[in-house]
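What the sequence shown shows, in this note's numbering, is residues 3 to 255, in sequence order.
These notes are about the structure you will find just below.
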Amino acid sequence: MSLTDTGAAEALPVPAAPGCRGSADTGANALHWDSEETLDLRLPAEFTALREALPDQASSPRAGDLLDGIHAWGPTPTPVGTFELAPLRLDRDLPLVHGWMNDPAVAEFWELAGPQDRSERHLRAQLDGDGRSVPCLGMLDGTAMSYWEIYRADLDPLARFYPARPHDTGVHLLIGDGAHRGRGLGSALLTAVAELVMERRRACTRVVAEPDIRNTPSVTVFRKAGFRCRAEIDLPGKRAALMIRDRARHEPS
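Rendered as structure tokens:
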């Protein structure tokens, strides 16, 4: 299972390619961090204070408060069609997401296969939470074809395992229907979402992900979307590839 209740590695079956191991970003360099660019491994005091100040579930803020109104970002053009992150509605979307979670290609890494109430607990934990993770349906030309979790990596337990920067934004995803896999959609949509995050969250300088290191197709998709494997990290339940897309690498200074 994943580090938190916000999902596990991404299941995106595409042709395999090398993962972190043996790549130019691994070895001694993979675990070297520039102290001028990153925070200490401990959560800084400002984030600890923010966590303590977050209200309980009964009075939690709207999810957009911590992710800059994600559900108002609207559609964006991509090379494969018009894409939009749409609000997930449990009463309408649970059967669809539950079906995806029981697809063997997805279940191997998300580990949420089984009865519908297992998927429901996972989704409800985010929908009723404090807004640090927002579950969405990925709509391509009006069709629900993927599931996304956009989350505040700097406010997530993940921040204990790498040098987080303020407003680091994390991504979990899965391509739901097998008919949409192996067509290059994953990298095209990841690129679009990363660019949306950078555009809409101006304080965010990096988009991060932590797919299971065994999931070579997923790591490959992130690479194709402009992410670099910065390290292999041991998280509860998995060894992960820490994938980072840095704003500075894609925008002029």
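Virtual Cβ for every residue (Gly too), placed ideally from N, Cα, C.
Open item on the list: Pairs of beta-carbons, one from the stretch 230-242 and one from the stretch 186-201, closer than 8 angstroms: are there three or more?
Closed with: No, because fewer than three Cβ pairs between the stretch 230-242 and the stretch 186-201 fall closer than 8 angstroms, the two stretches do not touch.
- [ ] Taking 8 angstroms as the threshold, find out whether the stretch 150-167 comes into contact with the stretch 110-122 through three or more Cβ pairs.
- [x] no
- [ ] Ignore the nearest five residues each way along the sequence and tell me which others in arginine 120's own chain have a CB closer than 7 angstroms to its CB.
- [x] Within the sequence shown, residue 120 is the residue found at index 118, counting from 1. Leu114.
Open item on the list: Measuring only the C-alpha atoms, how far is isoleucine 246 from valine 210?
Closed with: Stepping through the sequence shown from its first residue, residue 246 is reached at position 244. Stepping through the sequence shown from its first residue, residue 210 is reached at position 208. One C-alpha to the other measures close to 5 angstroms.
Task: Identity of the residue in Leu68, Arg208, Leu87 nearest tryptophan 75 by Cα - done: As a working note, residue 75 is residue 73 in the sequence shown. Of the candidates Leu68, Arg208, Leu87, the one whose C-alpha sits nearest the C-alpha of tryptophan 75 is Leu87.
Open item on the list: Are the CB atoms of leucine 139 and leucine 92 within a distance shorter than 9 angstroms?
Closed with: Indexing the sequence shown from 1 puts residue 92 at position 90. Indexing the sequence shown from 1 puts residue 139 at position 137. Their beta carbons are not under 9 angstroms apart, which means leucine 92 does not touch leucine 139 by this criterion.
Open item on the list: If distances are taken between C-alpha atoms only, which option among Leu68, Thr80, Ile235, Ala146 comes closest to arginine 94?
Closed with: In the sequence shown, the residue the question calls residue 94 occupies position 92. With distances taken between CA atoms, arginine 94 lies nearest to Ala146 out of Leu68, Thr80, Ile235, Ala146.
Open item on the list: Check for me: the alpha helix (DSSP H) holding threonine 207 runs from which residue to which?
Closed with: Taking the first residue of the sequence shown as position 1, residue 207 is located at position 205. Taken as a continuous stretch (DSSP letters only), threonine 207 belongs to no alpha helix (DSSP H), as it is neither H nor E.
- [ ] With DSSP as the reference, label phenylalanine 229 as helix, strand or coil.
- [x] The count along the sequence shown starts at 1 and reaches residue 229 at position 227. In the three-state reduction of the DSSP assignment, phenylalanine 229 falls in the coil class, being assigned neither a helical nor a strand state.
Task: Reduced DSSP secondary structure (H/G/I, E/B, other) of histidine 182 - done: Translated into the one-based positions of the sequence shown, residue 182 becomes position 180. In this structure, histidine 182 counts as helix in the three-state DSSP scheme.
Task: Entirely enclosed beta strand (DSSP E) segments - the stretch 86-148, minimum 3 residues - done: 135-142
Task: When Arg134, Gly144, Tyr149 are compared against threonine 171, the one with the closest alpha-carbon - done: In the sequence shown, counting from the first residue as 1, residue 171 sits at position 169. If we check each option's Cα against that of threonine 171, Arg134 comes out closest.
Open item on the list: By DSSP's criteria, threonine 84 is part of a beta bridge. Which residues make up the other side?
Closed with: Taking the sequence shown and counting its residues from 1, one reaches residue 84 at position 82. Pro79, per the DSSP bridge assignment.
Open item on the list: Taking a contact to mean a Cβ-Cβ separation below 9 angstroms, would you say leucine 96 touches leucine 125 in this structure?
Closed with: Looking up residue 96 in the sequence shown gives position 94. Looking up residue 125 in the sequence shown gives position 123. Cβ distance < 9 angstroms, so leucine 96 and leucine 125 count as in contact.
Task: Neighbourhood of aspartate 179 by C-beta distance below 7 angstroms, restricted to the same chain and skipping five residues each side - done: What you label residue 179 is simply residue 177 of the sequence shown in a count that begins at 1. Excluding positions up to five away in sequence, the list reads Met147.
TODO: Compute the Euclidean distance between the alpha carbons of arginine 167 and threonine 80, then round it to the nearest angstrom.
DONE: What you label residue 167 is simply residue 165 of the sequence shown in a count that begins at 1. What you label residue 80 is simply residue 78 of the sequence shown in a count that begins at 1. Roughly 28 angstroms between the two C-alpha positions.
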